[in-house]
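Numbering-wise, the numbering used here comes out as the position in the sequence shown, counting from 1, plus 30.
Cβ coordinates follow ideal geometry from the N, Cα and C atoms, glycine included.
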Amino acid sequence: MLDRTQAPPIRQVSNITPPEIEDYDIGQGGKLYLHRESNTNAFKVEILTKAGNISAANAASVQLTLKMLAEGTKKRTGHQLSEQIDSLGSFLEISPSFDHSSVAIYGLKKHFKENLSLLSEMLYTPEFNQKSLKLLKEREINKLQMNLEKGSYLSSTNLRKTLFNGHPYGYILSIEDLESVTIDEIKALYQSSVLSFDVYLSGDIPIEAVQVIQHLFGINTQYTTRSGLEHFQAYGESIYHHDKKFVQSSIKQGKRLFNRSHPDYLKFMVSNEILGGYFGSRLMKNIREEKGYTYGIYSSLYSLKHAGYFLISTDVKGENEKETLEEISREINTLQDQLIQESELETVKNYMCGSFINSLSSPFAAITKFKTVNTQEVEFRFYEQYIDQVLNTTAQDVLGLACKYLDPASLRTSIAGPFKEPSL
């Protein structure tokens, strides 16, 4: 009989085998990356274009250009496109981003060809007209106006602007930039960047999928990368955005750091996890559980193609701003001054390994993991190294990396809150 008074034994993961990713040429430099997942009856196809914030002087044009693809083609209006997607039981997702942007469709296997034909129609025959652009601008401006009322949005964008001073990664979308975008700009960006892409396909797909992709997406333009993107200016100053209508203060602290290609990345992730990477982290125990200043506080390391940045994020009562910043510094100093106990380190390692393996089990996860490293020019064996690097991280590694990269004085602070500017 099962003894429910005893916890099940913990079995440590030693290694993983990354899923197989097939790759094919689709013409003119474009690539198809494919991962087959049978018995799901669903698939995801993603057109990953070179159009990102880094590819345009006005990044607002990237957002509008990508979204204009769904506003109508030579054959259909935007409304007709939407109706057709719904009739197929599919879902369209358009995601502008820093380094790349994507246009993806989630669909049913039985409608594979219809979905791919529709996506090809949107990609190759968009109807860029002034009326559609005007309506799209109005919607995007309304969304931006709502975001500008949120403290979390303001503190996040202001911190990026400070960390990536003068670089496209630090760009903040503005109403003026959205209003200034012209049809000619959209057409130029479409030709230079949107039509330069790779295809990522995963799920339950028919045997003729490769031939269908090669036939429908064989036209690909040459993309010229902007130079100088790996160079960054000095940090801007810490920022306080005061607005008395805010009830809480949204605090962001961070610094420019490295991406997945850096040799310290994986072991630093262990230090980050201990500090604020999960619900049992030190920041959470101190600032949430003991002090009661917040419902949640987290730290993260965001990896981009040309850089990365470390971020601590929380929302607190306005009167607790100063105390929260002091406690964050105290926890970082403790991580730098005292070796972590082996029991705590073991808990964090097991959590990280378990979470990583669990992240591979969801639909379309394998191709997403591959895309993440492929777009940052990191080999897929990065994931083979993940478990090994995490398990072999020592208490001395944790302390050393915290000392090397997490000096509290090196962090920039961005706060959007209800009170006058504190001492940043």
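Restricted to the region 127-159, the beta strand (DSSP E) segments that are unbroken, complete and at least 3 residues in length are 131-138, listed in chain order. Per DSSP, reduced to three states, the secondary structure at residue 209 is helical. In the DSSP assignment, residue 290 falls outside any alpha helix (DSSP H) and carries neither an H nor an E.
Proximity to residue 63 across 204, 231, 380, 307 peaks at 231, based on C-alpha coordinates.
Under the DSSP assignment, residue 325 falls outside any alpha helix (DSSP H); it carries neither an H nor an E label. Secondary structure note for residue 367: its alpha helix (DSSP H) is the uninterrupted segment 351-367. Less than 8 Å separates the beta-carbon of residue 340 from that of residue 287. Sequence-distant partners of residue 416 (beyond 5 residues in either direction) whose C-beta falls short of 7 Å from its own C-beta, in its chain, are 296, 386.
In the structure shown, residue 403 adopts helical secondary structure according to DSSP, grouped into three states. Distance from the CA atom of residue 442 to the CA atom of residue 301, rounded to whole angstroms, is 19 Å. Note on residue 309: under 16 other CB atoms within 10 angstroms of its CB, so exposed under the neighbour-count rule. Three or more pairs of CB atoms, one per stretch, sit closer than 8 Å, so the region 246-253 contacts the region 51-59. When the five nearest sequence neighbours on each side are left out, the beta carbons in the same chain lying within less than 6 Å of the beta carbon of residue 436 are those of 362, in order along the chain. Using a Cβ distance threshold of 8 Å, residue 166 and residue 115 do not count as a contacting pair. One Cα belongs to residue 374, the other to residue 305, and the distance between them is close to 11 Å. Around the Cβ of residue 176, a 10 Å sphere holds fewer than 16 other Cβ atoms; the residue is exposed. Per DSSP, residue 62 is not a residue of any alpha helix (DSSP H); the beta strand (DSSP E) it occupies stretches across 60-66.
Separation of residue 190 and residue 33 (C-alpha to C-alpha, rounded to the nearest whole angstrom) is 52 Å. Contact check for residue 347 and residue 323: beta-carbon distance about 7 Å, within the 8 Å limit, so the pair qualifies. Per DSSP, reduced to three states, the secondary structure at residue 226 is coil, with no helix or strand assignment. In the structure shown, the three-state DSSP call for residue 371 is coil. Excluding its 5 nearest sequence neighbours in each direction, residue 67 has C-beta neighbours in its own chain below 8 Å: 232, 233, 234, 393, 394, 396, listed in chain order.
Taking C-beta separations shorter than 6 Å and ignoring five residues to either side along the sequence, the partners of residue 96 in its chain run 124, 126, 131, following chain order. Note on geometry: alpha-carbon atoms of residue 334 and residue 36 lie some 44 Å from one another. By the Cβ criterion, the region 342-359 is not in contact with the region 132-145, since fewer than three pairs of Cβ atoms, one from each stretch, lie closer than 8 Å.
Annotated three-state conformation of residue 201 is coil, per DSSP.
With respect to the C-alpha of residue 283, the residue from 359, 238, 208 having the closest C-alpha is 359.
Excluding the 5 residues flanking it on each side, residue 263 has same chain C-beta neighbours closer than 6 Å at 195, 196, in chain order. Counting only the Cα atoms, residue 72 lies some 11 Å from residue 121. Around the C-beta of residue 210, fewer than 16 other C-beta atoms lie within 10 Å, and the residue is accordingly described as exposed. With contacts defined as CB atoms closer than 8 Å, residue 202 and residue 192 fail to qualify as a contacting pair. With contacts defined by Cβ atoms closer than 8 Å, residue 216 and residue 94 form a contacting pair. Exclusion of the five residues before and after residue 409 leaves no residue of its chain whose Cβ lies closer than 6 Å to its Cβ. For residue 220, the CB contacts under 6 Å within the same chain, skipping 5 residues up- and downstream, are 95 in chain order.
When the Cα atoms are used, residue 318 and residue 327 turn out to be separated by approximately 7 Å. Taking the CA atoms as reference points, residue 274 sits about 20 Å from residue 354.
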